[in-house]
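Take 1093 as the starting number for the sequence shown in the working numbering and just add one per residue.
Structure, as structure tokens:
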Amino acid sequence: MARRSTSRLALESAAVLCAVLAGAWWVFAHAVYRPPPDRAGLPRTASAAVDEAIVEAVSGSVQRSTSRGAWAALVAGEHLRADDSLRTGKGARTDLRIGDRARLTVTESSQLTIREITDRVHRFQLARGRVKADYKPDAERVLRIESSGGVVESRGARFSMLSTGTAVAIATDAGAVTLRAQEGSVEVGEGQQAVALQGRPPSASEPIPASVLLKVANAAVATDGLCATVEGDAPPGAEVTVDGAAAALAADGHFRVPVPSSSERREVLVALRDAAGREETRKVRCVDPPPRIRDFAIHWRKRTP
């Protein structure tokens, strides 16, 4: 009898415990616990506004200047904003990143100024030299690079731009780029190039040639004070330097540069760079001027009587 009472008490205790646990769970589930929200239904957080370019890499002599200060060496990791300018020396370059979908490389002997960086527009001023852009397609943002004689725009492309001060040249590797100048415009697609000479509308786009050609004539006989007169032809829109100094190109690409003589100069280096980044060099030897006649005399022979 006692054993039966004990069993009944155990069953009743277990039933009460179950009822208590069930009640506690109901209270927890309905009054305390809150399930995690459905992430698919959450509004997306707006991405932070893009207003700066981050320097990813620096090679060689690269300097930075702000609207308030002098030029100073640029280092990787710096953040650049509107009105900051960059200039690269011979053999130097720097890589910039703007957000996650845009990159810009400033190559050697170039000067670039940031004008505006927002979610809607990335605007730069290329005073001279060459830049390479790698922009993923974005219908909400436009890249605009301004230069003397032309403006380049794209919403997504991989291309190069060269500015000589008197011409703007574009070479597109992927995507499409628009070159505007003198109330004219041309779309430069993949594998194409175009040139806008100062004061003229852009040329029609054409395939990028497999190679670049620099023609330099043999130096003519020099005159006093000159090492040589360098004369040649280059593709329109290309950049030509003679011993590091920019040479003025005619509309057809012809150039003629007199080079002063010096005691150390024995030859002249002519270099070419095009929008695609290809380079050619030629060396022209100095030519000695013809010997000067230092003495001139006439000896009259006496007539015999």
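Here a beta-carbon is modelled for each residue, glycine too, at the ideal position from N, C-alpha and C.
Using the Cβ count rule (16 or more neighbours within 10 Å means buried), how would you classify residue i?
i     : result
E1298 : exposed
A1149 : exposed
A1164 : exposed
A1294 : The displayed chain sequence assigns Pro, not Ala, to residue 1294. So P1294 counts as buried.
T1373 : exposed
R1160 : exposed
S1246 : buried
R1233 : buried
V1404 : Because the chain here runs from 1093 to 1397, residue 1404 falls outside it and cannot be looked at.
G1242 : buried
E1238 : buried
A1168 : exposed
Q1368 : Note on residue identity: the sequence assigns Ala, not Gln, to residue 1368. So A1368 counts as buried.
A1342 : exposed
R1358 : exposed
A1302 : exposed
Would you give the residue range spanned by the beta strand (DSSP E) that residue i belongs to?
i     : result
Q1285 : 1284 to 1289
V1198 : 1194 to 1198
A1249 : 1249 to 1255
T1205 : 1203 to 1209
V1278 : 1276 to 1280
E1238 : 1234 to 1239
E1170 : It is not in any beta strand (DSSP E) - E1170 carries neither H nor E in the DSSP assignment.
V1243 : 1242 to 1246
K1224 : 1213 to 1227
S1151 : 1145 to 1151
S1303 : Element bounds for S1303: n/a, residue is neither H nor E.
D1187 : 1185 to 1189
R1160 : R1160 -> no beta strand (DSSP E), and no H or E assigned at all.
D1056 : Residue coverage of the chain in this structure runs from 1093 to 1397, which leaves residue 1056 outside it and unanswerable.
For residue i, which residues in the same chain have their Cβ closer than 6 Å to its Cβ, ignoring the five residues on either side in sequence?
i     : result
S1177 : S1157, T1205
R1131 : Only weak support is given to the placement of R1131: the predicted model assigns it a pLDDT of 42, under 50, and the value that follows is read from those uncertain coordinates. None.
G1345 : D1325, A1326, P1327, P1328
E1371 : R1365
A1174 : I1206, E1208
T1180 : V1154, V1198, E1200, S1202
A1340 : none
D1187 : E1148, A1149, T1197
L1218 : L1204, I1237, S1239, S1255
V1124 : A caution first: V1124 carries a pLDDT of 49, below 50, which makes its placement in the model unreliable, though a value can still be read off. No residues qualify anywhere along the chain.
So, at 8 Å on beta carbons, what are the nonlocal neighbours of residue i in its own chain, with the 5 sequence-adjacent residues on each side left out?
i     : result
D1366 : L1254, A1261, A1263, V1304, P1327, G1329, A1330, E1331
G1317 : P1352, S1353
I1190 : V1142, E1144, A1145, I1146, L1196, I1209, H1214
A1338 : T1256, G1257, E1331, V1332
H1171 : E1144, A1145, I1146, V1147
K1375 : E1359, V1360, L1361, V1362
A1286 : A1261, I1262, L1271, V1278, V1280, P1294, S1295, A1296, S1297, E1298
List the whole-angstrom C-beta distance separating residue i from residue j, where the pair is believed to meet the contact cut-off of C-beta under 8 Å.
i     : j     : result
K1224 : T1197 : 4 Å
S1252 : Q1290 : Contact doesn't hold; Cβ gap of about 19 Å is too wide.
A1184 : V1154 : 5 Å
R1220 : T1199 : That belief does not hold up - the Cβ atoms of R1220 and T1199 are roughly 11 Å apart, past 8 Å.
A1273 : A1249 : About 18 Å; that fails the 8 Å criterion.
V1269 : C1319 : That belief does not hold up - the Cβ atoms of V1269 and C1319 are roughly 41 Å apart, past 8 Å.
A1194 : Y1227 : 5 Å
L1306 : V1362 : 7 Å
V1308 : A1296 : Actually they do not touch by this definition, with Cβ atoms about 28 Å apart.
Spatial neighbours of residue i within its chain, please: C-beta separation below 7 Å, excluding the five flanking residues on both sides.
i     : result
P1128 : Confidence in P1128 is poor, its pLDDT being 49 and thus under 50, which makes the residue's placement too unreliable to answer from.
V1334 : V1322, V1349, V1351, V1360, V1362
H1284 : Contrary to the premise, residue 1284 reads as Gln rather than His in this sequence. T1264, S1297, E1298, P1299, I1300.
Return yes when at least one heavy atom of the ligand HEM lies under 7 Å from the C-beta of residue i, else no.
i     : result
V1379 : The ligand HEM is not among the ligands present in this structure, which contains no ligands whatsoever.
| said: Quick check for students: name the residue ranges of the beta strand (DSSP E) that lie wholly in the stretch 1313 to 1390, counting only runs of 3 or more. | reply: Whole beta strand (DSSP E) segments, 3+ residues: 1318 to 1325, 1331 to 1334, 1346 to 1352, 1359 to 1365, 1371 to 1377.
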